[in-house]
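S.K.: First the structure, which I've put down as structure tokens, then a few questions once you've had a look.
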Amino acid sequence: MSFKKIAAAGIIKQYGVVLAIILPIMVLILFRSIGPYHFKSDVKKQVETSFLHSNVISFDQINGIQGNKLIINLNRESSLPVGTKNTAIDIPADSVLNKSILKNIISHKGPVLLYADDLALTSRMWMILSQLGCSNIFILTKDPDNENPVNQN
94 MSFKKIAAAG
104 IIKQYGVVLA
114 IILPIMVLIL
124 FRSIGPYHFK
134 SDVKKQVETS
144 FLHSNVISFD
154 QINGIQGNKL
164 IINLNRESSL
174 PVGTKNTAID
184 IPADSVLNKS
194 ILKNIISHKG
204 PVLLYADDLA
214 LTSRMWMILS
224 QLGCSNIFIL
234 TKDPDNENPV
244 NQN
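Under the working numbering, the first residue of the sequence shown is numbered 94, with each subsequent residue one higher.
This is the structure:
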């Protein structure tokens, strides 16, 4: 055996436990950072959009939105107004992050409108989808003044 092989075997023997711990962690970190479910956008921009209510649209404003609209009803039962039931799809909130559904939402060309009776649920789903890289997402509300009922006393 050459001296280099003996030295390499000694280093591996000496640091084998450390390498066995650090190497898998590094691989997992790399895998996680490359994976499709990491947050992509700046939270500060999302919060600013939310405070300005530029992400909130009422049912009265739906017709003014350009493009192929995708209305997602996050409720378990359909509780949308009569005029929007034909153009909406029912996806319970706990299913939105399903891989195939998420892929369809992300690839949708046009505005995505999220609706639920619980505004807090809709806001959470908006934030999660925005962080996952979805753009052109809005919160659909029954309030025609676009006031956020969560902030009202």
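For glycine and all other residues, C-beta sits at the position ideal for the given N, C-alpha and C.
Note that the structure is predicted; figures quoted are calculated from it, not measured.
May I have a chain-ordered list of the beta strand (DSSP E) segments no shorter than 3 residues that lie completely inside the region 201–242?
M.R.: 205–208, 230–234
S.K.: Would Leu-206 pass as a contact of Phe-231 if the rule is Cβ separation under 7 angstroms?
M.R.: The residue given as residue 206 occupies position 113 in the sequence shown. The residue given as residue 231 occupies position 138 in the sequence shown. Yes, the Cβ-Cβ distance between Leu-206 and Phe-231 is below 7 angstroms.
S.K.: For Val-111, name the three-state secondary structure that DSSP assigns.
M.R.: Position 18 of the sequence shown, counted from the start, is the residue given in the question as residue 111. Of the three classes helix, strand and coil, the one that applies to Val-111 here is helix, per DSSP.
S.K.: Roughly how many whole angstroms lie between the Cα atoms of Lys-162 and Ile-194?
M.R.: Here residue 162 is taken as the residue at index 69 of the sequence shown, counted from 1. Here residue 194 is taken as the residue at index 101 of the sequence shown, counted from 1. Looking at the two C-alpha atoms, the distance is approximately 16 angstroms.
S.K.: Is the Cβ-Cβ distance between Ile-158 and Pro-204 less than 7 angstroms?
M.R.: Start at 1 with the first residue of the sequence shown, and residue 158 comes out as number 65. Start at 1 with the first residue of the sequence shown, and residue 204 comes out as number 111. In contact: Ile-158 and Pro-204 (Cβ atoms closer than 7 angstroms).
S.K.: According to the neighbour-count rule (16 or more other Cβ atoms, all chains shown, within 10 Å of its Cβ), is Thr-180 buried or exposed?
M.R.: Position 87 of the sequence shown, counted from the first residue, corresponds to residue 180. So Thr-180 counts as exposed.
S.K.: Mind reading off the beta-carbon distance from His-183 to Asn-166? Whole number of angstroms is fine, and I expect it under 8 angstroms.
M.R.: Locating residue 183 in the sequence shown gives position 90, counting from the first residue. Locating residue 166 in the sequence shown gives position 73, counting from the first residue. Checking the sequence shown, residue 183 turns out to be Asp, not His. Confirmed, Cβ separation roughly 5 angstroms.
S.K.: Give the DSSP bridge partners of Asn-156, in chain order.
M.R.: Your numbering for residue 156 matches position 63 in the sequence shown. Within the DSSP bridge table, the entry for Asn-156 names no partner.
S.K.: Which of the three DSSP states is assigned to Asn-148 in this structure?
M.R.: Residue mapping note: residue 148 aligns to position 55 of the sequence shown, counting from 1. Coil.
S.K.: Under 7 angstroms between the Cβ atoms of Ser-151 and Thr-234?
M.R.: Translated into the one-based positions of the sequence shown, residue 151 becomes position 58. Translated into the one-based positions of the sequence shown, residue 234 becomes position 141. Yes. Within cutoff.
S.K.: In the structure shown, what three-state DSSP assignment does Leu-190 receive?
M.R.: For this step, residue 190 is matched to residue 97 along the sequence shown. In the structure shown, Leu-190 sits in coil (DSSP, three-state: anything other than H, G, I, E or B).
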